[in-house]
Ligand SMILES: N[C@@H](CCC(=O)N[C@@H](CS)C(=O)NCC(=O)O)C(=O)O
């Protein structure tokens, strides 16, 4: 084992080096007795390369650059809140199905009293509309917010964008599920759309030179 049949120079995934006491693992030299790396290439020198530091030991850690991006971290926070909010709507939908005995599938109805409960219910449909509206709006936000975060906007302005969207969507869900008086839901929807249009516009402005 040793010389690669393909390249004629690589010691391969695992092999022995010409020198005693050394083991070659994935092209890097490792001292057999200590297990310590003997850094050879730039990628193998953690002190010199942030990338190498992030993958040291075979584990991929968040790169310092990503953690340093305050806007991206803020975006991640608000996105996660909204994803959890969508999970809550799904859980509520399931609970309403059980309470109103209105199941989406015959096997569920059979298990819960009979095929007559394989039916629609206005309250379940309301939950489903709230969830669908979330998908129509939160999914685009996940894209727009991520790209906008890469444009190096002011962290304060960016946080205002994310906060308005997040609060708007939470109010939209509450208004929808609790049947709050109109136009509460529509206003929440419209207010939440404003930061999305703003982000879309800024992304377009930044990417227009590359059309
Ligand atoms: N797909 C939406 C598009 C417009 C929209 O999202 N409107 C908001 C404010 S009126 C809404 O809550 N629509 C109710 C819904 O999507 O179920 C619809 O059919 O209404």
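In the numbering used here, the protein residues as written are 35 to 245.
Here a beta-carbon is modelled for each residue, glycine too, at the ideal position from N, C-alpha and C.
- prompt: Can you name, in chain order, every residue of its own chain whose Cβ lies under 8 Å from the Cβ of residue 174, other than the five neighbours on each side?
  reply: Within the chain shown, numbered from 1, the residue matching residue 174 stands at position 140. Closer than 8 Å at Cβ, skipping near neighbours: 230.
message: Could you check if residue 103 belongs to the surroundings of ligand 1, using beta carbon to heavy atom distance under 6 Å?
response: As a working note, residue 103 is residue 69 in the chain shown. Flag unset: Cβ of residue 103 not near ligand 1.
task: Quick one: give me the first and last residue of the alpha helix (DSSP H) that residue 173 is part of.
output: As a first step, residue 173 is located in the chain shown; it is residue number 139 there, counting from the start. 156 to 183 is the span of the alpha helix (DSSP H), which, as asked, contains residue 173.
query: Can you tell me where the alpha helix (DSSP H) with residue 142 in it begins and where it stops?
result: Locating residue 142 in the chain shown gives position 108, where the first residue counts as 1. Element bounds for residue 142: 140 to 145.
- prompt: So, are the CB atoms of residue 123 and residue 165 less than 7 Å apart?
  reply: Residue 123 sits at position 89 when you count from the first residue of the chain shown. Residue 165 sits at position 131 when you count from the first residue of the chain shown. Yes, they are a contact pair.
query: Is residue 202 near residue 222, with beta carbons less than 7 Å apart?
result: Taking the first residue of the chain shown as 1, we reach residue 202 at position 168. Taking the first residue of the chain shown as 1, we reach residue 222 at position 188. Cβ atoms of residue 202 and residue 222: closer than 7 Å.
Exposure of residue 220, with buried meaning 16 or more beta-carbon neighbours within 10 Å: The sequence position of residue 220 within the chain shown is 186, counting from 1. Exposed, since its Cβ has fewer than 16 Cβ neighbours within 10 Å.
- prompt: Terminal residues of the continuous alpha helix (DSSP H) containing residue 151?
  reply: Working through the chain shown from its first residue, we reach residue 151 at position 117. Residue 151 -> no alpha helix (DSSP H), and no H or E assigned at all.
field: Cβ pair residue 168, residue 233 closer than 7 Å
entry: Position 134 of the chain shown, counting from 1, holds the residue named residue 168. Position 199 of the chain shown, counting from 1, holds the residue named residue 233. In this structure, residue 233 does not lie closer than 7 Å to residue 168 by Cβ.
task: Would you mind stating whether residue 135 and residue 151 have Cβ atoms separated by less than 7 Å?
output: Position 101 of the chain shown, counted from the start, is the residue given in the question as residue 135. Position 117 of the chain shown, counted from the start, is the residue given in the question as residue 151. Contact flag set, yes.
field: Supposed contact pair residue 183 and residue 106 - C-beta distance, whole angstroms, cut 8 Å
entry: Taking the first residue of the chain shown as position 1, residue 106 is located at position 72. Taking the first residue of the chain shown as position 1, residue 183 is located at position 149. At roughly 4 Å, the Cβ-Cβ gap stays under 8 Å, so residue 106 and residue 183 are in contact.
- request: State yes or no: is the C-beta of residue 108 nearer than 6 Å to some heavy atom of ligand 1?
  value: For the purposes of this step, residue 108 is identified with residue 74 of the chain shown, where counting begins at 1. No.
- request: Taking residue 209 and residue 218 to be in contact with their CB atoms under 8 Å, please state how far apart those CB atoms are, rounded to whole angstroms.
  value: Residue numbering aside, residue 209 sits at position 175 when the chain shown is read from its first letter. Residue numbering aside, residue 218 sits at position 184 when the chain shown is read from its first letter. Confirmed, about 4 Å.
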